[in-house]
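> Heads up: the sequence lines are chains A and B, in that order.
Residues 1115 to 1574 (our numbering) are what the first sequence spells out, left to right.
Residues 1115 to 1574 (our numbering) are what the second sequence spells out, left to right.
Please read through the structure below; I'll follow up with questions.
There are 2 protein chains.
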Amino acid sequence: MEGLNPQILGTMRWTFDTTKSKGSTLVDDTGREFLDTFMQISSIPLGYNNEELKATIASDEVLSMIVSRPAMGVFPPAELPNLLRPALSIAPLGMQYIQTLMCGSCTVENAMKSAFGFYAYNKRGGKPPGMDAHTSCMDGMAPGSPNIAALSFRGCFHGRTFGSLSMTNSKSAIKVDMPAFEWPHAPFPQMKYPLHEHERENAEEEAKCLEITQDLFDQAEKKGQPIAAVIIEPIQGEGGDARASDDFYRKLIDVARDNGAVMVVDEVQTGFGATGKWWASDYWEKSSDIVCYAKKSQACGFFYTDDFKANPETRIFNTWMGEPLKLVMMNKIIEIVQRDRLLDNVNRVGQVLQDGFVHMEDITGGMVNSGRGRGLYTAFSVATPELRDKMIKSAFDKNLIVGACGTSSIRFRPSLNFSSDEAEQAIGILSDCASELYHDKQIIKNNITTGSSAGLSAQR
Amino acid sequence: MEGLNPQILGTMRWTFDTTKSKGSTLVDDTGREFLDTFMQISSIPLGYNNEELKATIASDEVLSMIVSRPAMGVFPPAELPNLLRPALSIAPLGMQYIQTLMCGSCTVENAMKSAFGFYAYNKRGGKPPGMDAHTSCMDGMAPGSPNIAALSFRGCFHGRTFGSLSMTNSKSAIKVDMPAFEWPHAPFPQMKYPLHEHERENAEEEAKCLEITQDLFDQAEKKGQPIAAVIIEPIQGEGGDARASDDFYRKLIDVARDNGAVMVVDEVQTGFGATGKWWASDYWEKSSDIVCYAKKSQACGFFYTDDFKANPETRIFNTWMGEPLKLVMMNKIIEIVQRDRLLDNVNRVGQVLQDGFVHMEDITGGMVNSGRGRGLYTAFSVATPELRDKMIKSAFDKNLIVGACGTSSIRFRPSLNFSSDEAEQAIGILSDCASELYHDKQIIKNNITTGSSAGLSAQR
């Protein structure tokens, strides 16, 4: 492909047909059909070519919004209040305001700016920055550019722009060679599965992680680089679909607040219905300060509480600040999800997947293990990274698309209207793949007596 | 407006009607019509509600691309090579490749990542990063997170996310309270206008700035924070429409190359026809390494040279990496610009504006001064910031929208099909505003003998 970097092309498995793909069926450029449970990295909410969505955006009014695209920060379209109302009606617990932006990374960058600005204002007792701050920030020096930090967790993913990348901690390959803020990372609880069989150990693990988090606050204060904000995903997606108990997150919010830090929740991947509630953090039944959304909502941005009104308006600004088209889409999606009770569907079909994971664990002697998740946001682990990669390849050969995450997990990110039949079809194909791999493995094991079975134990 | 931060609302002057606005006429929500020369912060290429653009995106194929939105880095649409061809056909001098992204800030962040990655690979003689780099980057420490810098210029604007904001240097209000990389800023040549009357002084000023730039390279090396990339706008937009001679930029490219740094050009605002060539940097007749585009092109991203193919593909990646819809729009815009010879129009109508600036200078005894620009990318200065603000308000009252920039300048960023009649209409209104202000000022001056006329001299 002329003009496309061949190295980048190397990462592209194939191209797909946006016109012929339909529902959960991705059609590639040769006409081959795949059952897609990964849906463009978890970003398609209602399947390919949803006709209702298409009809909505085909209206003359919406087409005008596209070609007469407003710079929403200064020249908003007259429809903006109406466009924001549906999103606000499903706001996460405790959130009253919304800030629209263009993509997940930008959203996280601006959410952190909002947090840092809030922290700085509070530290000054609500006063605006002084002249010395205005002068020194032009050289990137304190006090204007304060040496304050965001605390994130080992295994997290928050984006790849400089601020968000400094927090991201899931893979070194995406961080290496880039200048970064030297910000602290707390350990994320490494839970044992199934959760209900390891409650005591898991609770101890969580307590330990919270203790270390508090230690990091103390160390940061001593070091002269106080932690102004804490950011966490309700379930670490890229990091391997790892989740702690709801109690852990509640306690973490307390730790952040006790230390004067802003609590930011990154729901770019977990949000907008994927876990069976609109927001995965709603399971916690405790409000944080900022919640980021993107992907399935098509529109991106963050919700925030009443407190943040105090933030100076100049901080969060760029040319477009989101796009009316994407708000129209988000609103239509909200309408369809509510009308068709798709959150119920997410919970029901998610259970079909989780039952399937247990079945696969049974038929592979634990080679497949640690089935986990909430709603359709599910994953299981495979004994080794190599077996995981083989299983993805084998599924692909059988026309099933699944996603990888962590070191040896397979994740599911289907649309919210993924059906039980499709879930059973996916589990059927994966069970075949797992059986074949397990069978091959057994043959190898029987032939090579040095084979180890250690890799078969649950990984997290 | 419920759910909209009241402080943010405070910055919104009014809302506009995306359906009724047409061409260069913005219609607000009360039906009032404005001649718009600022066009959503320089981002509308062919006027409001361009019917050809609307017809193009109304096709079933494009609507499918919108609702079946691809994650372009891994699952590109089959049409991608065709979608990229027109953009590549107008690539800046020396550029063979393109990387699509979602907005201006993201584009600059990723362009810098590309530059840093390239620099790090070169420093290691083309070898991949070692295990120590992979380990240390997970804590944001060297060698994995190297202490390398980007050099930008005083007065520049490159965006407001953490990486781009560290480089941005036009206004302290947008930098203050945010953690920042402590990266160096070179002085930008302060030219005297009209340029042809001050050639010798201006050349001396440019030589001095280049000398300081080289000094900053030397200091950075000594300090252990080498400069890996240089970034510059061909005309500083937010910073006051300041431009150096083409010779300055050519020499700057040499300085960057001689010091082993990557040369990045930020054409987010100057690019895509605004200056009468597709790229303002094409006037230099010398290739840089990376050129960023956004705004008028609707699609965003950066062009780069053959050298950058060597960059590892994992660096530049996110979920969407641009959007097919925006590429379809960009391509149609290119087609219309070429068919209707709009670059010629930009140069012709830009001259009408510049002649108007001279006229206003004449009738205001220099209260309006320093008319400048290339193509339609034009601006003039007003004697004081207060008079500038009054002039913008007065123009608004007479149904004309212009933009502010720098401390006391007024900028024009009309669409590429802005007509001579519209330009004359704009100059007519502004001349009235200027005359009135000049008249008021004279009255004040005659009544208050302490009034100073120092503010009337050319500002840059």
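All C-beta atoms, glycine included, are put in the ideal place defined by N, C-alpha and C.
If you're wondering where the values come from, they're calculated on a predicted model, not measured in any experiment.
Could you check whether the stretch 1366–1380 of chain B touches the stretch 1520–1540 of chain B, counting it as contact only if at least three pairs of C-beta atoms, one from each stretch, sit closer than 8 angstroms?
no
> Alanine 1264 (chain B) and methionine 1292 (chain B): beta carbons closer than 7 angstroms?
no
> Let me know the alpha helix (DSSP H) ranges lying completely inside the stretch 1337–1425 of chain B, each 4 residues or longer, listed in chain order.
1360–1372
> Pop quiz: valine 1290 (chain B) and proline 1243 (chain A) are said to be a contact at Cβ under 8 angstroms. What is the actual Cβ separation, rounded to whole angstroms?
5 angstroms
> Chain B partners of lysine 1168 (chain A), CB-CB under 9 angstroms?
Asp1174, Leu1177, Ser1178, Ile1180, Val1181
> Going along chain B in order, which residues have a C-beta closer than 7 angstroms to the C-beta of tyrosine 1162 (chain A)?
Ser1182
> Hey, does lysine 1337 (chain B) have any beta-carbon neighbour from chain A nearer than 7 angstroms?
no
> Between which two residues does the alpha helix (DSSP H) holding threonine 1139 (chain B) run?
Premise fails: threonine 1139 (chain B) lies in the beta strand (DSSP E), 1139–1141, not in any alpha helix (DSSP H).
> Span of the beta strand (DSSP E) holding asparagine 1483 (chain B)?
1482–1488
> Verify the CB distance criterion: does proline 1243 (chain B) have a CB-CB separation below 7 angstroms to chain A?
yes
> Alpha carbon to alpha carbon, how far is threonine 1125 (chain A) from methionine 1186 (chain B)?
Any reading at threonine 1125 (chain A) must be qualified, since the residue scores a pLDDT of 45, below 50, and its modelled position is unreliable; no value is offered.
> What is the residue span of the beta strand (DSSP E) that leucine 1279 (chain B) lies within?
Per DSSP, leucine 1279 (chain B) belongs to no beta strand (DSSP E); it is in the alpha helix (DSSP H), 1276–1281.
> Does threonine 1151 (chain B) get closer than 7 angstroms to chain A when you measure Cβ to Cβ?
no
> Does any CB atom of chain B fall closer than 7 angstroms to the CB of glutamate 1449 (chain A)?
Proximity of glutamate 1449 (chain A) to chain B, defined by a Cβ-Cβ separation below 7 angstroms, is not satisfied.
> What residues of chain A sit near glutamate 1296 (chain B), judged by a beta carbon separation below 8 angstroms?
Asp1253, Gly1254, Met1255, Ser1259
> Rounded to the nearest angstrom, how far is the Cβ of methionine 1443 (chain A) from that of leucine 1167 (chain A), given a contact under 8 angstroms?
6 angstroms
> Taking DSSP as the reference, what is the three-state secondary structure of leucine 1194 (chain A)?
DSSP, read as helix, strand or coil, puts leucine 1194 (chain A) in helix.
> Between the alpha carbons of proline 1120 (chain B) and leucine 1140 (chain A), how many angstroms are there, rounded?
With a pLDDT of 43 at proline 1120 (chain B), under the threshold of 50, the modelled position of this residue cannot be trusted; read the value that follows with caution. Roughly 44 angstroms separates the two Cα atoms.
> At what residue ranges does the stretch 1195–1220 of chain A contain a whole run of the beta strand (DSSP E), taking only runs of 3 or more?
1211–1215
> Assign threonine 1498 (chain A) to one of three DSSP states: helix, strand, or coil.
Threonine 1498 (chain A) falls in the coil class under three-state DSSP.
> Counting C-beta neighbours from all protein chains within 10 Å, is the total for glutamate 1347 (chain A) 16 or more, i.e. buried, or is it exposed?
buried
> Name the residue from A:Pro1195, A:Leu1207, A:Asp1131 whose alpha carbon lies nearest to the alpha carbon of glutamate 1399 (chain A).
A:Leu1207
> Using a C-beta cutoff of 7 angstroms, does cysteine 1270 (chain B) count as contacting chain A?
So, not an interface residue.
> Take phenylalanine 1130 (chain A) and list the residues in its own chain whose beta-carbon comes closer than 7 angstroms to its own, dropping the five residues that flank it on each side.
Leu1140, Val1141, Asp1142, Asp1143
> Between which two residues does the beta strand (DSSP E) harbouring isoleucine 1524 (chain A) extend?
1523–1526
> Taking DSSP as the reference, what is the three-state secondary structure of tyrosine 1233 (chain A)?
helix
> Would you call isoleucine 1558 (chain A) buried or exposed, if buried means 16 or more other Cβ atoms sit within 10 Å of its Cβ?
exposed
> Starting from leucine 1149 (chain A), follow its DSSP beta bridges and name the residues at the other end.
A:Thr1139, A:Leu1514
> Span of the alpha helix (DSSP H) holding serine 1266 (chain A)?
Premise fails: serine 1266 (chain A) lies in the beta strand (DSSP E), 1263–1267, not in any alpha helix (DSSP H).
> Please tell me whether glutamate 1223 (chain B) has its Cβ less than 7 angstroms away from any Cβ of chain A.
With its beta carbon less than 7 angstroms from one in chain A, glutamate 1223 (chain B) belongs to the interface.
> So, is asparagine 1196 (chain B) buried or exposed, given that buried needs 16 or more other C-beta atoms within 10 angstroms?
exposed
> Would aspartate 1329 (chain A) count as contacting chain B if we go by Cβ distances under 7 angstroms?
no
> To the nearest angstrom, how far is the alpha carbon of histidine 1299 (chain B) from that of glycine 1485 (chain B)?
27 angstroms
> Taking CB distances under 7 angstroms as the criterion, tell me whether threonine 1144 (chain A) reaches chain B.
Using a Cβ-Cβ cut-off of 7 angstroms, threonine 1144 (chain A) does not count as an interface residue toward chain B, since no Cβ of chain B sits closer than that to its own.
> Determine which residues share a DSSP beta bridge with tyrosine 1491 (chain A) and list them.
A:Arg1488
> So, is the C-beta of methionine 1209 (chain A) closer than 7 angstroms to a C-beta in chain B?
no
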